[in-house]
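The first sequence begins at 580 in our numbering and counts up by one.
Everything on this sheet refers to the single structure shown next.
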Amino acid sequence: MFAEKLKKRGEAQWEIAPFGKMRVPIIIFADEGLIRDMDEQVYQQAANVAALPGIVKASYAMPDAHWGYGFPIGGVGAFDPDAGGVISAGGVGFDISCGVRSLHTGLTYDQIKGNEKELADLLARRIPAGVGSESKLRVTSLEMDDMLQGGALWAVEQGYGHRADLRRIEENGRMLGAEPRYVSDHAKQRQEKEVGTLGSGNHYLEVQRVAAVYSDDLAKAFGLALNDIMVMIHCGSRGLGHQIATDYLAKMIKVAREEGIELADKDLACAPIKSEVGKQYYGAMCAGINCALANRQVLMHLTREAFAQIYSRANLTLLYDVSHNTCKVEEHEIDGHKKKLYVHRKGATRAFGPGHPSLPEDLQASGQPVLIGGTMGTASFILAGTTEGMTLSFGSCCHGAGRAMSRSQATKRWHGKDVVMHLAQKGIIIKGASPRGIAEEAPGAYKDVTAVVNATEIAGLARKVARLEPLICVKG
DNA sequence: ATGTAC
580 MFAEKLKKRG EAQWEIAPFG KMRVPIIIFA DEGLIRDMDE QVYQQAANVA
630 ALPGIVKASY AMPDAHWGYG FPIGGVGAFD PDAGGVISAG GVGFDISCGV
680 RSLHTGLTYD QIKGNEKELA DLLARRIPAG VGSESKLRVT SLEMDDMLQG
730 GALWAVEQGY GHRADLRRIE ENGRMLGAEP RYVSDHAKQR QEKEVGTLGS
780 GNHYLEVQRV AAVYSDDLAK AFGLALNDIM VMIHCGSRGL GHQIATDYLA
830 KMIKVAREEG IELADKDLAC APIKSEVGKQ YYGAMCAGIN CALANRQVLM
880 HLTREAFAQI YSRANLTLLY DVSHNTCKVE EHEIDGHKKK LYVHRKGATR
930 AFGPGHPSLP EDLQASGQPV LIGGTMGTAS FILAGTTEGM TLSFGSCCHG
980 AGRAMSRSQA TKRWHGKDVV MHLAQKGIII KGASPRGIAE EAPGAYKDVT
1030 AVVNATEIAG LARKVARLEP LICVKG
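Okay, here's the thing in structure tokens:
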């Protein structure tokens, strides 16, 4: 019923005009192939988002979009607080500030060739991964609020990494506006042993080789060259973020009912930005962002320690750290006027263009590095934000390959052991916490990441800089 | 995503 309403709007850009209770159109970024295979539920969920109070311009779906809890994963929606706009826990997702960090190792492929197995064993031993994985680091209840206020800055102050890392993290490694008092004791308790752990699902730590460079200028600006060895870390806010989402989804269902906000789907629970629960969720969610930033900072430190054990010449520097499950207050131009909006990005990466004031000086000319994690057996990409993207999608783009198949479908089709063997034949070492987890994450369960990234570039949301191919994957 | 169904 939605697919037949699609109108091609531009290169890799489609629109569904508002109908029913939609206040704004749906805009989907995808090529012909991706749009043909797009799950009808993505349109339904994007339409539900388009019907929420205070939504501005459009309800967006990225090329990697798929069904999610309330909002589609790969969905972007911006809300105006002065027009009754809402904030939604489902619009951020359960894994608050799930994101990707990319490190340059200072090594080239020649320097690690032949040592892959040793490096893989070392990383797997040092990086806690899997369901309920525990860290050697303990954050006591006394320190918890400092961590939730300080983010990666807190981690650096505890001895995990360097101050220089912070300028290559969104928000300089510390999200302002965090309000630990609005995070439940239960959520904090769940995090005590989990700072510096990978978690499970699609989370991983990967050692990668730069296999292609698409723009010499941008690669130079990002310090990348062919055959450089990089590390990509994908994880989020673990138990704490999950508990914040659980706590506030329940509160928001109640508030939405009291405020007379009609919800097409109860999973889309939300509260007016200016309501008490709306403000509390925002403060708690910012604390969740800091938790994820601290988590990735500690994991980077563990990675540095592992590399230092084998390679005295390794020098791991942070290229960038992006979150792809957030709601952020940003200034965007609407009808010629600057407006402060609450931009939800769920399974969508911020992709700010050149000259944006929030970028560090040495990235002003290039635009923001955009990190796209692919699947174990395929490739990941580094892109750069564009000026065009700022008006096309509030400076947002895809976040990964995007699931094409549910986890249960994937476990019926593949066995973890076979996936590991198949990837070994391609020269990729997988260190997995669970065979079932590996089956769920089989490359075949995902869309084609190359198609997703190409559609993103054709639409103008970001520019391709480099392709990374996996050598070692420590899987949650 | 998640102490993978408090």
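In this text, a Cβ means the ideal position worked out from N, Cα and C, and glycines have one as well.
What you are looking at is a predicted structure, and each value in this text was computed from that prediction instead of being measured.
query: Going by beta-carbon coordinates alone, are residue 677 and residue 815 separated by less than 7 angstroms?; result: yes
query: Measure from the alpha carbon of residue 897 to the alpha carbon of each residue in 731, 754, 856, 817, then state which is nearest.; result: 731
query: Is it buried or exposed for residue 891, if we count other Cβ within 10 angstroms and need 16 for buried?; result: exposed
query: Taking the alpha carbon of residue 974 as the point to measure from, which residue in 851, 1039, 736 has its own alpha carbon closest?; result: 1039
query: In terms of alpha-carbon separation, which member of 1019, 984, 983 lies closest to residue 996?; result: 1019
query: Determine which residues share a DSSP beta bridge with residue 907 and list them.; result: 922
query: Is the beta carbon of residue 1045 sitting closer than 7 angstroms to the one on residue 803?; result: yes
query: Beta carbon of residue 962, beta carbon of residue 833: below 7 angstroms?; result: no
query: Taking only heavy atoms of the ligand GTP into account, decide whether any of them is closer than 6 angstroms to the Cβ of residue 692.; result: The ligand content of the structure shown is nil, which means the ligand GTP is not present either.
query: Taking only the alpha-carbon atoms, compute the straight-line gap between residue 787 and residue 950 and give it to the nearest angstrom.; result: 13 angstroms
query: Can you find at least 3 beta carbon pairs, one from the segment 809-827 and one from the segment 770-786, that sit closer than 8 angstroms?; result: yes
query: The alpha helix (DSSP H) spanning residue 713 covers which residue range?; result: From DSSP, residue 713 is part of no alpha helix (DSSP H); its letter is neither H nor E.
query: Considering Cα atoms alone, identify which of 916, 900, 604 is closest to residue 585.; result: 604
query: With DSSP as the reference, please indicate the residues paired to residue 601 in a beta bridge.; result: Answer is none; residue 601 lacks a bridge partner.
query: Within the continuous alpha helix (DSSP H) that includes residue 765, where are the two ends?; result: 764-770
query: What did DSSP end up calling residue 895 once you bin it into helix, strand or coil?; result: coil
query: Please report how far the alpha carbon of residue 707 lies from the alpha carbon of residue 582, in whole angstroms.; result: 43 angstroms
query: Can you tell me the Cβ-Cβ gap for residue 753 and residue 869, rounded? I've got them flagged as a contact below 8 angstroms.; result: 7 angstroms
query: Which same chain residues end up closer than 7 angstroms to residue 739 when comparing Cβ atoms and leaving out the 5 residues on each side of it in sequence?; result: 876, 877, 880
query: Tell me which same chain residues have a C-beta within less than 6 angstroms of the C-beta of residue 778, skipping the five on either side of it?; result: 814, 817, 1055
query: Are the beta-carbon atoms belonging to residue 1025 and residue 958 less than 7 angstroms from one another?; result: no
query: Would you kindly report the start and end of the unbroken beta strand (DSSP E) that includes residue 677?; result: Neither: residue 677 is in no beta strand (DSSP E) and is coded neither H nor E.
query: On the DSSP letters alone, give me the boundaries of the alpha helix (DSSP H) that residue 986 sits inside.; result: 986-992
query: Going by beta-carbon coordinates alone, are residue 654 and residue 640 separated by less than 7 angstroms?; result: yes
query: Relative to the C-alpha of residue 822, which residue among 886, 794, 768 is closest?; result: 768
query: My output table needs one value for residue 849: the three-state DSSP class, helix, strand or coil.; result: strand
query: Got a sec? Which residues, its chain only, sit under 7 angstroms from residue 749 by beta carbon, not counting five neighbours each side?; result: 900, 901, 902, 929
query: Please list the terminal residues of the continuous beta strand (DSSP E) segment that includes residue 645.; result: 638-645
query: When we look at the beta-carbon of residue 627 and count the other beta-carbons within 10 Å, is it buried (16 or more) or exposed?; result: buried
query: So within the segment 943-972, which uninterrupted alpha helix (DSSP H) runs reach at least 4 residues, ignoring any that extend past its ends?; result: 966-972
query: With distances taken between CB atoms, is the gap from residue 681 to residue 775 smaller than 7 angstroms?; result: no
query: Is the number of C-beta pairs between the segment 919-935 and the segment 644-660 that are closer than 8 angstroms three or more?; result: yes
query: From residue 751 to residue 580, what distance separates their C-alpha atoms?; result: 44 angstroms
query: Taking Cβ to Cβ, would you say residue 820 is nearer than 7 angstroms to residue 674?; result: yes
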